[in-house]
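So the number in our numbering is just where the residue sits in the sequence shown, counting from 1, plus 10.
Quick notes on the structure that follows.
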Amino acid sequence: MTEVNIQTQVERATRLLAGSRFAVAFTGAGISTPSGIPDFRSPDTGLWAHLEASLEEEPQVGTVHSFARDPQTFYERMKPLFQRIVTAGPNPAHHALADMEKLGIIQAVITQNADMLHQRAGSQCVIEVHGTLAEATCIRCYKVRPFRPLLERFFADGQVPTCKDCGGVIKPNVILTGE
Ligand SMILES: [Zn+2]
């Protein structure tokens with residue numbers, strides 16, 4: 011989209027929204043990059059370029075099978091992203107969608123993101139198609155817990171979170187390759 015036709019595109023979107031009976035927003039990584047959460051695919055963001063390079067060397071790190079086999083490596087590789095997400099805040103685009111929902115212009119947000127920034131901006135109806143980092147599940151007994159306190163403990167001691175009930179490894183509720 012060029013600068014010249016952004017105005018035209020916005021006017022077109024406004025007309026479509028004004029004429030719609032049930033509009034939803036669909037968002038991906040791009041809405042959260044201004045909040046400091048790099049798009050996995052952006053070539054020149056240091057964090058992800060680095061992580062992606064390590065994933066290319068060991069592409070199996072992001073799969074559910076390798077998670078079950080070596081959760082410590084998964085948690086260590088994901089740590090920079092987890093830290094970014096914990097400290098990031100919603101940006102004007104997240105707030106605009108929350109306002110549009112309050113005004114009844116859109117009914118819901120469907121997102122590929124697991125960063126919870128739509129909810130933190132005030133969106134009520136958020137459908138997270140790739141899961142959420144708000145919760146985590148024991149891979150043995152499937153008990154679901156809030157992820158944040160477990161994450162804080164991992165940041166402090168570097169130990170993979172385990173289940174108080176059965177001792178199983180706890181996995182954030184995001185979809186990994188192979189699930
Ligand atoms: Zn368990």
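C-beta: ideal position from N, C-alpha, C; glycine also.
Just so you know, these numbers come straight off a predicted model, no measurement behind them.
Sequence-distant residues of the same chain with beta carbon closer than 6 Å to residue i, five excluded per side
i: T142; result: A124 and N183
With 16 other Cβ atoms within 10 Å as the buried cut-off, status of residue i
i: Q129; result: buried
i: I137; result: exposed
i: I6; result: Since the first residue of the chain shown is 11 and the last is 189, residue 6 is not available in this structure.
i: P100; result: buried
Residue i Cβ short of 6 Å to ligand 1 heavy atom set
i: G141; result: no
i: R150; result: yes
Residue nearest to residue i in terms of C-alpha spacing, selected from the options
i: T188; options: A118, V170 and V74; result: According to the sequence shown, residue 188 is Gly rather than Thr. That would be V74, whose Cα lies nearest to the Cα of G188.
Residue i vs residue j beta-carbon contact at 7 Å
i: A108; j: G132; result: yes
i: G177; j: C151; result: no
i: T147; j: K174; result: no
i: I41; j: A103; result: yes
i: Q93; j: V170; result: no
i: M126; j: A98; result: no
i: T121; j: T43; result: no
i: L26; j: I115; result: no
Own chain, CB closer than 7 Å to residue i, minus 5 neighbours either side, in chain order
i: A78; result: I149
i: Y85; result: F164 and V170
Own chain residues within Cβ distance below 8 Å of residue i, not counting five before or after
i: C135; result: E111, Q117, A118 and V119
i: V139; result: I120, T121 and Q122
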